[in-house]
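Numbering (our numbering), first residue to last: 0 to 236.
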Ligand code: ATP
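Quick look at the structure:
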């Protein structure tokens, strides 16, 4: 049984169809990368999985249960957590308060304490800046905070929307190293990226999205070696 399975999912904005008849699955323990050009439907796919958007057709299951109609906050309780594009941290709250928001609704004190430690060891910068306001953190630090906050719900599936967006090259490498580490600690990860080279080299499997439909799929390595994908997404002919 797959951890996450989308079957024949279509998503509309009014009359515009942004996702058409999409099916794919994510297995427990994987990093799966979704790549595609601007407007291909990557963010729409993520929001549909986290429950911010509802599919007009098709179904979504998580750990064998149909969650197609489940509200977003209940998906978090089930184990799906999203670090949104554009970071979406709370600028007027401190680092610690932002992390607390990620743990909202949890009552397992010892598990929470372990997750704070996990976040601070993955991101030592956050540990140094516990009382700094989120809004005054640098772009890279805000990205770390957004991922840390998503981890505070102890997700089984972590959704990352463009984790490398706006980051300097040395930060991009670092973020992907940390993503691999989070995965090695046991968290399944689905990420969408424009930085296809990094995203595919860290992924067990990947999908290419074009105008709302999957056009290629394979292991990260297969997709990186595919000439058509190289030319269109990896900046080499
Ligand atoms: P990018 O890499 O630029 O973020 P994306 O692959 O994440 O792009 P989406 O944001 O999912 O793409 O958009 C898919 C399509 O849906 C685009 O044509 C976009 O214009 C359209 N779309 C997205 N949000 C809305 C909305 N709120 N209302 C109408 N159309 C929308």
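We treat Cβ as the ideally placed atom computed from N, Cα and C, and that holds for glycine.
For residue 156, the uninterrupted beta strand (DSSP E) segment begins and ends at 156–160. Beta-bridge annotation (DSSP): residue 10 is paired with 18. The DSSP-derived three-state label of residue 181 is helix. Between residue 48 and residue 3 a beta carbon distance of about 7 Å is seen, short of the 8 Å cut, so the two are scored as contacting. Here the alpha carbons of residue 144 and residue 99 stand approximately 11 Å from one another. Shown in chain order are the residues whose CB sits closer than 6 Å to a heavy atom of ligand 1: 12, 15, 17, 35, 37, 38, 39, 40, 41, 42, 43, 193. Remark: C-beta atoms of residue 10 and residue 59 do not approach each other more closely than 8 Å. In the DSSP annotation of this structure, the continuous segment of the alpha helix (DSSP H) that includes residue 219 starts and ends at 219–224. Around residue 189, the same chain offers 25, 31, 158 as residues with beta carbons nearer than 6 Å, after the five sequence neighbours per side are excluded. Listed in chain order, the alpha helix (DSSP H) elements of length 4 or more contained wholly in the stretch 34–83 are 41–49, 71–77. The stretch 85–157 is shown to contain whole alpha helix (DSSP H) runs of 4 or more residues at 94–101, 108–121, 123–127, 138–150, in chain order. The C-alpha of residue 184 lies about 10 Å from the C-alpha of residue 178.
Straight across, the Cα-Cα distance linking residue 212 with residue 228 is about 15 Å. Around the beta carbon of residue 112, fewer than 16 other beta carbons lie within 10 angstroms, which makes this residue exposed. A residue is called buried when at least 16 other Cβ atoms come within 10 angstroms of its Cβ; residue 13 does not meet this threshold and is exposed.
Between the stretch 134–150 and the stretch 73–90 there are three or more inter-stretch CB-CB distances shorter than 8 Å, so the stretches are counted as touching. Across the structure, residue 57 and residue 127 are spaced so that their CA atoms are roughly 45 Å apart.
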